[in-house]
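Take the position in the sequence shown, starting the count at 1, then add 2; the result is the number in our numbering.
Where is the CB? At the ideal position from N, CA and C, for every residue including glycine.
Here's the structure we're looking at; comments come further down.
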Amino acid sequence: MSSAGSRFAVWRRVLPLSLQLLALGAGTALAQSNLGAITGIVTDPQNAIVPDATVTATNVATGLRTSTKSNSTGVYLLTSLPLGTYTVSVEHAGFSKYVREGISVDAGQRLGLDIALTVGAMEEAVSVTAQPPLIQDRTSAIDTTIEPKSIEALPLSGRKTLNVVALSGAAVFIAYPSTPTGSPSFTLAGGRGRSQMSYIDGGSSQNSRIGNPLIDTDLPSDAVAEVKLLANSASAEFGASAGGVVMTTTKSGT
């Protein structure tokens, strides 16, 4: 067999596998869209970077632990954090253990938390209290988060969750159709109506049968933990949207 024929035979075997891996990666990326992240830099009392520190986020409700290490520049990144309240701890030899409680992570949020360690034994713990809530200062996304208390307290017509879209200053809520199962019509940040990307727990909730992004599922409000509306400057994974993004997170057990 010629060299050209050999190369063709190799590509014929490799290409299908590559396409499958690419499709799997794309599906995974979409499935992560309802998860949050915490990132920052670990330093010592002299403001020098601290590499190889162990950073752990523990979900208060479920006990789920997510750990990582700071890299050579002191940067750490905790990803794939489900909606909830977390305790973040940092450990490194020669420093006291750092603990910060009550960190609230919303769907799709990327919080910034820079950590300054104190010299001491690892058995000693330095707890950070009475601190203001963390803000999303690591992205430029413009979003509105409607929390459970608001969803439960509002007199939503038919207890349909997407009524809360009207709470966003970037939204113009038009109406629900007359049919009981119809999806609402609204715009976000001047985008096209019925052109939003919509996700429930990271999976698409749009109608893929009719070739447009019509929202196909509107959950009862009693099943919803949070709704997040992205109006502008969303990340690249939402680049297909022509009118904003709606991210719904359902309630989960412990």
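From the listed residues Gln208, Thr189, Ser129, Val52, the smallest Cα separation to Tyr78 is found for Val52. Pairwise C-beta distances place the segment 66-77 out of contact with the segment 103-113, as fewer than three of them are shorter than 8 Å. For Arg112, the three-state secondary structure derived from DSSP is strand.
Counting the other CB atoms within 10 Å of its CB gives Asp108 a total of 16 or more, which places it among the buried residues.
For Ala118, the closest of Ala59, Lys162, Thr45, Pro157 by C-alpha to C-alpha distance is Thr45. Residues of the same chain with a CB within less than 6 Å of the CB of Ile43, apart from the 5 flanking positions on each side, are Gly76, Val77, Asp116 in chain order. Taking C-beta separations shorter than 7 Å and ignoring five residues to either side along the sequence, the partners of Asp224 in its chain run Arg161, following chain order. For the set Tyr201, Phe97, Ala39, the Cα lying nearest the Cα of Leu85 is the one of Ala39. Exposed is the label assigned to Arg67, since fewer than 16 other Cβ atoms lie within 10 Å of its Cβ. Residue burial is scored here from C-beta neighbours: Ser159 has fewer than 16 other C-beta atoms within 10 angstroms and is therefore classed as exposed.
Cβ contact annotation for Gly246 (same chain, cutoff 7 Å, sequence separation greater than five): Leu190, Ala191, Gly193, Gln198, Leu231, Leu232, Ala233, in chain order. Between Asn36 and Gly204 the beta-carbon gap is near 4 Å, inside 8 Å, which marks them as a contact. Look at Gly160 here: in three-state DSSP terms it is helix.
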